[in-house]
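Residue numbers (our numbering): 6 to 92.
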């Protein structure tokens with residue numbers, strides 16, 4: 006499933022590097038959790054240049070829209086440009 010999410014993001018954003026980790030096992034049983042994956046993502050793309058944090062996250066959420074709140078319960082992400090990651 007992770008590969009599907011990575012592919013969807015890469016189809017919508019020109020990605021230089023992407024890493025998505027499934028952290029679901031760390032969240033099983035917490036209040037309000039019924040199903041869906043808890044994911045942590047690092048996405049490096051120059052498509053994020055001159056975009057606010059909210060705009061960057063919206064780009065990722067839009068790419069995964071069919072899976073949000075269903076297969077994906079929570080998504081924590083770092084969205085950086087190549088310049089930002091090299092600082």
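Virtual Cβ for every residue (Gly too), placed ideally from N, Cα, C.
Taking the alpha carbon of residue 29 as the reference point, which residue from 21, 45, 19 has its own alpha carbon closest? Counting from one through the chain shown, the residue named residue 29 turns up at place 24. Closest by alpha carbon: 45.
Provide the residue(s) that pair with residue 24 in DSSP beta bridges, ordered along the chain. Stepping through the chain shown from its first residue, residue 24 is reached at position 19. Looking at the DSSP assignment, residue 24 forms a beta bridge with 47.
Status (buried if at least 16 other CB within 10 Å, exposed otherwise) for residue 85: In the chain shown, counting from the first residue as 1, residue 85 sits at position 80. Under this definition residue 85 is a buried residue.
Under the three-state reduction of DSSP, which class applies to residue 83: helix, strand or coil? For this step, residue 83 is matched to residue 78 along the chain shown. Residue state, collapsed to three classes: strand.
Looking only at its own chain, which residues have a Cβ that is under 6 Å from the Cβ of residue 79, when we skip the five neighbours before and after it? Sequence index remark: in the chain shown, residue 79 carries index 74 (1-based). Cβ neighbours of residue 79 beyond the five flanking positions: 43.
Give the range of the alpha helix (DSSP H) segment to which residue 17 is assigned. By one-based count along the chain shown, residue 17 stands at place 12. Here the alpha helix (DSSP H) through residue 17 covers 7-17.
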